[in-house]
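K.L.:
The structure under discussion is supplied below as C-alpha cells; questions concerning it will follow.
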Amino acid sequence: MSGTVVAALQIGSDPRGKAATLEAILGFEAEIAASGASLVVMPEALLGGYPKGEDFGTRLGYRLPEGRAAFARYHANAVDLDGPEVAALAGLSDRTGAAIVLGVIERAGSTLYCTALFIEPGRGLVAKHRKLMPTGLERLIWAKGDGSTMPVVESRAGRLGAAICWENHMPLFRAAMYAKNVEIWCAPTVDDRDVWRSTMRHIAHEGRCFLVSACQVMGSPGELGTQADRWETDRPLIRGGSMIVGPLGDVLAGPIEMETALITATIDTAELAGARYDLDVVGHYARPDIFELRVNETPRPGVAMRVDPDEAG
Numbered sequence: 001m002s003g004t005v006v007a008a009l010q011i012g013s014d015p016r017g018k019a020a021t022l023e024a025i026l027g028f029e030a031e032i033a034a035s036g037a038s039l040v041v042m043p044e045a046l047l048g049g050y051p052k053g054e055d056f057g058t059r060l061g062y063r064l065p066e067g068r069a070a071f072a073r074y075h076a077n078a079v080d081l082d083g084p085e086v087a088a089l090a091g092l093s094d095r096t097g098a099a100i101v102l103g104v105i106e107r108a109g110s111t112l113y114c115t116a117l118f119i120e121p122g123r124g125l126v127a128k129h130r131k132l133m134p135t136g137l138e139r140l141i142w143a144k145g146d147g148s149t150m151p152v153v154e155s156r157a158g159r160l161g162a163a164i165c166w167e168n169h170m171p172l173f174r175a176a177m178y179a180k181n182v183e184i185w186c187a188p189t190v191d192d193r194d195v196w197r198s199t200m201r202h203i204a205h206e207g208r209c210f211l212v213s214a215c216q217v218m219g220s221p222g223e224l225g226t227q228a229d230r231w232e233t234d235r236p237l238i239r240g241g242s243m244i245v246g247p248l249g250d251v252l253a254g255p256i257e258m259e260t261a262l263i264t265a266t267i268d269t270a271e272l273a274g275a276r277y278d279l280d281v282v283g284h285y286a287r288p289d290i291f292e293l294r295v296n297e298t299p300r301p302g303v304a305m306r307v308d309p310d311e312a313g
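Note that the sequence shown covers residues 1 to 313 in full-length UniProt numbering.
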C-alpha cells in the first residue's frame, strides 16, 4: 500500500525531571529514523510531568504551605516554548524528518498550561494547542486554553489536529475540529483505561480520520518511591495503551501496555474520501437546517493592551 508511516511513542515522564525525560525521548532518534515515520505523537504532559496522586496541599477554603512548595517545584520543571527543550525536539525533528506532536506543561509567566506542541522538520515549533478544559483536580494547576489555539497543521503526513486526553470527550470540540478537515487526529493522553480505547476507535470512525493515541507509561508508587492516596502500592500509575486507528475504526497498531516503545502503521490519507462517502458529520450528514455550532477563536488574554492611534505620540 502506498502511503506514509505514522508512529506513537509510548513513554513516561522521568521522575528526575524534564532533562532526564528529554534524554529518554532523544534516545529514540535512531529508531524513529529507521521507521521512516513522517509523524511521531507523544503523550500528554510528557515534558513537565503528570503528577498523578498529588493534591498540592489544597483543601476547600485554604492551601497548605507544602502544597505551594509542590507547585513551585512543578512550575520549575515546566517548559518555556523558547527554551532548550523545544529547541532540542526541533533538532530531533530535523534529523529524523518526522513531525512531532507532544504534550508539555507550558510555562507562561506564573501560569501553567497543558499544551500539545506541533513541531515540523525544518520549521521547528509551528503551532500549539492549549487544553481547553482541564479535568478535576487538574484545574488547580493548569489554566484553560482558549479558542485561539485550535490549529490544524499542514504536514507531510497530512492535516494534523490534536485533542488532549478528556478533550476527546467534548462533542462540540470534536465537531469544530472535524470542520477543519483533520486527516490525522493526534490524542496525547494519560488515560490508560479500556474505555479510552473504545473512545479512540469511535472518534476515528465518527470523524473518518486516522488517529494516533500516545499514552504515558509509569510504574507503581512503590517502584517510583512516591505515594498516592488510596492507590495500591504495586499498581502501575499509568499502564499505557497507545494505539493507531484507521478511519473506519479498525485498529492498525497497538494497544501496548507496560512498556516504553515506538509503534507504527502505514496510512494513506487518500482513503479518507471513500471513508466519508456514507458519513461526513460536518458535511452531508450535518443537517445545518436544524443544528448550528458557533466557534469563538478570538484570543482571550487576561490583560489586553491597546494604543489609541489618535493619542499615539
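From the three backbone atoms N, C-alpha and C, an ideal C-beta is built for every residue, glycine too.
Along the chain, where does the alpha helix (DSSP H) that runs through phenylalanine 210 open and close?
P.N.:
From DSSP, phenylalanine 210 is part of no alpha helix (DSSP H) but of the beta strand (DSSP E) over 210 to 215.
K.L.:
Under 8 Å Cβ to Cβ from methionine 1, same chain only, skipping five residues before and after it: list those, please.
P.N.:
Residue confidence is low: methionine 1 scores 47 on pLDDT, short of 50, so the model does not pin down where it sits. Its coordinate-derived value is still stated next. Around methionine 1: Thr266 and Asp268.
K.L.:
What's the call for alanine 157, buried or exposed, on a 16-neighbour Cβ count within 10 Å?
P.N.:
Per the 10 Å Cβ criterion, buried.
K.L.:
Does DSSP put lysine 128 in a helix, a strand or coil?
P.N.:
strand
K.L.:
Can you tell me the Cβ-Cβ gap for glycine 103 and alanine 116, rounded? I've got them flagged as a contact below 8 Å.
P.N.:
Sure, about 6 Å apart at Cβ, within 8 Å.
K.L.:
Considering only DSSP beta bridges, list what isoleucine 100 is partnered with.
P.N.:
Val40 and Ile119
K.L.:
What's the C-alpha gap between valine 182 and aspartate 310?
P.N.:
Looking at the backbone, the Cα of valine 182 and that of aspartate 310 are separated by about 43 Å.
K.L.:
I need the DSSP call for methionine 1, collapsed to helix, strand or coil.
P.N.:
Model confidence at methionine 1 stands at a pLDDT of 47, short of 50, so the residue's coordinates are unreliable; what they give is reported in the following sentence. Residue state, collapsed to three classes: coil.
K.L.:
To which residues of the same chain is histidine 205 closer than 7 Å at the C-beta, ignoring the five residues directly before and after it?
P.N.:
Leu248 and Gly249
K.L.:
Return helix, strand or coil for tryptophan 185, following the three-state DSSP convention.
P.N.:
strand
K.L.:
Below 8 Å between beta carbons: does that hold for glutamate 36 and valine 5?
P.N.:
At residue 36 the sequence reads glycine, which differs from the glutamate that was named. Cβ atoms of glycine 36 and valine 5: closer than 8 Å.
K.L.:
Between alanine 88 and serine 38, which are expected to be in contact by the criterion C-beta below 8 Å, what is the C-beta distance as a whole number of angstroms?
P.N.:
Wrong, their Cβ atoms sit about 20 Å apart, outside the cutoff.
K.L.:
Using alpha carbons as the reference points, say which of Asn168, Arg208, Lys180 and Ile184 lies closest to arginine 197.
P.N.:
Asn168
K.L.:
Rounding to the nearest angstrom, what Cα-Cα distance links methionine 200 and alanine 162 in this structure?
P.N.:
13 Å
K.L.:
With DSSP as the reference, label alanine 20 as helix, strand or coil.
P.N.:
helix
K.L.:
Answer yes if the segment 249 to 259 comes into contact with the segment 20 to 29, meaning at least three C-beta pairs across the two stretches below 8 Å, and no otherwise.
P.N.:
no
K.L.:
If you follow the alpha helix (DSSP H) that glutamate 138 is part of, which residue opens it and which one closes it?
P.N.:
138 to 141
K.L.:
Less than 8 Å between the C-beta atoms of glutamate 44 and isoleucine 164, yes or no?
P.N.:
yes
K.L.:
Specify, as a first and last residue, the run of the alpha helix (DSSP H) that threonine 264 falls within.
P.N.:
Per DSSP, threonine 264 belongs to no alpha helix (DSSP H); it is in the beta strand (DSSP E), 261 to 267.
K.L.:
Beta-carbon within less than 8 Å of glycine 53's beta-carbon, same chain only, minus the 5 sequence neighbours each way: which residues are those?
P.N.:
Correct list, in chain order: Pro221, Thr226, Gln227, Ala228, Asp229, Trp231 and Leu237.
K.L.:
Could you check what DSSP says for isoleucine 244 in three-state terms: helix, strand or coil?
P.N.:
The answer is strand: DSSP assigns isoleucine 244 an E or B state.
K.L.:
Once DSSP output is grouped into helix, strand and coil, what is the label at alanine 253?
P.N.:
strand
K.L.:
Out of Glu29, Arg276, Glu138 and Leu47, which one is the CA nearest neighbour of glycine 91?
P.N.:
Glu29
K.L.:
Just to confirm, are alanine 214 and valine 41 a CB contact at a threshold of 8 Å?
P.N.:
Against a cut-off of 8 Å, the Cβ pair of valine 41 and alanine 214 comes out as a contact.
K.L.:
Closest to methionine 243 by CA distance: which of Phe210, Ile105, Ala270 and Glu223 is it?
P.N.:
Of Phe210, Ile105, Ala270 and Glu223, the residue nearest in Cα terms is Phe210.
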